[in-house]
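Q: Residue numbers (our numbering): 109 to 491.
Note that CB positions come from ideal geometry on N, CA and C, so glycine has one too.
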């Protein structure tokens, strides 16, 4: 039924408005204050209509389901910066957030319902402390502690989605009672600059997540219908390292670069409602990602070639880490892909470039099969 047959049309307009205002005021040669406010408003209105012929979007039929909502976040923040002798700088600050949301969901097919979710609000104060020490020329050491607040998304709160995958059906149910996710984070790091233009950075981090928002498979699932819902499942711990380097090669205009992110630990550490989840890896998070490449820029010519690796991912809903398949539809493979770009600017305004993604034409899946070798050409004009 690729050329014809019934289907659904999903119309999902969403809007987001952000406004930020900040002011930095030097109080003395060794002290400065930074303060400000942040406003955010998000709306989601999604409608699913039936289609007699899935290729004819102009002939949409009756509304099958609809959902949406609104979220407002207001925040005030302040930070005090203190400059001491011997290259030491201290930062102390905090942020207060007020979050409010309301929404709805309806379904006109069995089981039919029309649900309005009343408004709810949350408040959070998040402190921050940091020290930066310029230990010597070209070496900066840093340490920081901070707390954060992540409200649930409108999709997780109110979204109702039904996806057919072959003979199976995946249902994402709304979760209007979700609480915000909170995090406590500690970092130690070093930034280095070397003679000749080389730079490197290393960061060790530890994060403690509380009221973790997690998409869990529900016990009402069957062999053909998998039902999932976002829930506050408890606590999670993440320990890891980030590193990056940029280094001249000795050839004019040519530099090497690389980056690495690796989680030593990224697992559920507490869940009273489902103790079997304790020790399981977090979903939608690869243990290791890295990239390495070369970039060139000299005169009118520029370009790069980069290899990028992403480790295996357990998808949303696989809270027991059972999906270890790779190379098939629905899998989340580990993969390494190569991309390249060559550009030439023939005057101060005009330029042309050729890019290629997945240079080696690797076959891999991130739920769906990903594009093979793909070429892009670009003609640009700069004013």
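(1) Where does residue 385 fall in DSSP's three states?
(2) Which value, in whole angstroms, describes the spacing of the CA atoms of residue 412 and residue 480?
(3) Using the rule of at least 16 other Cβ atoms within 10 Å of the residue's Cβ for burial, across every protein chain shown, is residue 285 buried or exposed?
(4) List the residues that DSSP assigns as beta-bridge partners of residue 190.
(5) Taking the alpha carbon of residue 294 as the reference point, which residue from 275, 484, 280, 317 has its own alpha carbon closest?
(6) What are the residues that DSSP puts in a beta bridge with residue 339?
(7) Of the residues 406, 451, 417, 476, which one's Cα is nearest the Cα of residue 486?
(8) With DSSP run on the structure shown, which of helix, strand or coil describes residue 496?
(9) Residue 187 and residue 204: beta carbons closer than 9 Å?
(10) Just the C-alpha distance for residue 209 and residue 221, rounded to the nearest angstrom, thanks.
(11) Check whether the Cβ atoms of residue 254 and residue 236 sit closer than 9 Å, and answer yes or no.
(12) Return helix, strand or coil for residue 85, following the three-state DSSP convention.
(13) Mapping the DSSP letters down to three states, classify residue 426 as helix, strand or coil.
(14) Does the segment 300-313 come close enough to the segment 326-336 to have 3 or more Cβ pairs within less than 8 Å?
(15) For residue 396, I'd like the list of residues in its chain whose CB is within less than 6 Å of its CB, leaving aside the five on either flank, ordered along the chain.
(16) Using a Cβ distance threshold of 8 Å, determine whether the segment 233-252 contacts the segment 129-139, with at least three qualifying pairs required.
(17) For residue 256, which residues from the same chain have a beta carbon less than 6 Å from its beta carbon, with the 5 sequence-adjacent residues on both sides left out?
(18) What are the partner residues of residue 421, as DSSP defines its beta bridges?
(19) Report back the beta-carbon spacing between residue 169 and residue 323 to the nearest angstrom; my notes put them in contact at under 8 Å.
(20) By the three-class DSSP mapping on this structure, what secondary structure does residue 167 have?
(21) Could you tell me the distance, in whole angstroms, from the CA atom of residue 342 to the CA atom of residue 379?
(22) Should residue 434 go down as buried or exposed, given a rule of 16 or more other Cβ atoms within 10 Å for buried?
(23) In chain order, what residues of the same chain lie with their CB nearer than 6 Å to the CB of residue 219, ignoring the 5 residues before and after it?
(24) So what does DSSP say about residue 370, is it helix, strand or coil?
(25) Can you tell me whether residue 439 is helix, strand or coil according to DSSP?
(26) What span of residues does the beta strand (DSSP E) with residue 290 cover, start to end?
(27) Closest to residue 162 by CA distance: which of 122, 118, 193 is it?
(28) Determine the extent of the beta strand (DSSP E) in which residue 571 is found, giving its start and end residues.
(29) Ignore the nearest five residues each way along the sequence and tell me which others in residue 215's own chain have a CB closer than 6 Å to its CB.
(30) Tell whether a beta-carbon distance below 9 Å holds between residue 283 and residue 265.
(31) If contacts are defined as beta-carbon pairs under 8 Å, then residue 416 and residue 445 qualify, I think. What distance do you get, rounded to the angstrom?
(32) Identify every residue that forms a DSSP beta bridge with residue 329.
(33) Where do the N-terminal and C-terminal ends of the beta strand (DSSP E) with residue 239 fall, by residue?
(34) Taking all protein chains shown into account, do 16 or more other C-beta atoms lie within 10 angstroms of the C-beta of residue 460, making it buried, or fewer, making it exposed?
A: According to the structure data:
(1) helix
(2) For residue 412 and residue 480, the distance between alpha carbons rounds to 19 Å.
(3) exposed
(4) In the DSSP output, where bridge partners are listed per residue, residue 190 has 139, 198.
(5) 317
(6) 322
(7) Comparing C-alpha distances from residue 486 to each of 406, 451, 417, 476 shows the shortest one belongs to 451.
(8) One cannot answer for residue 496 here, as it falls past the ends of the chain, which runs 109 to 491.
(9) no
(10) 21 Å
(11) Between residue 254 and residue 236, the CB-CB gap stays under 9 Å.
(12) As displayed, the chain neither begins before 109 nor continues past 491, which places residue 85 out of reach and without an answer.
(13) coil
(14) no
(15) If we look at residue 396 and ignore the five residues flanking it on each side, its Cβ neighbours are 370, 419.
(16) With a cut-off of 8 Å, the segment 129-139 and the segment 233-252 do not count as touching, because too few Cβ pairs lie within range.
(17) 234, 291
(18) DSSP, once it has assigned bridges, lists no residue as partnering residue 421.
(19) 30 Å between Cβ atoms; not a contact.
(20) helix
(21) 5 Å
(22) exposed
(23) none
(24) strand
(25) coil
(26) 289-301
(27) 118
(28) A query on residue 571 cannot be resolved here, the shown segment of the chain reaching from 109 to 491 and no further.
(29) 173, 221
(30) yes
(31) 6 Å
(32) Its beta-bridge partners do not exist; DSSP assigns none.
(33) In the DSSP annotation of this structure, the continuous segment of the beta strand (DSSP E) that includes residue 239 starts and ends at 221-244.
(34) Around the beta carbon of residue 460, a 10 Å sphere encloses fewer than 16 other beta carbons of the protein chains shown; the residue is thus reported as exposed.
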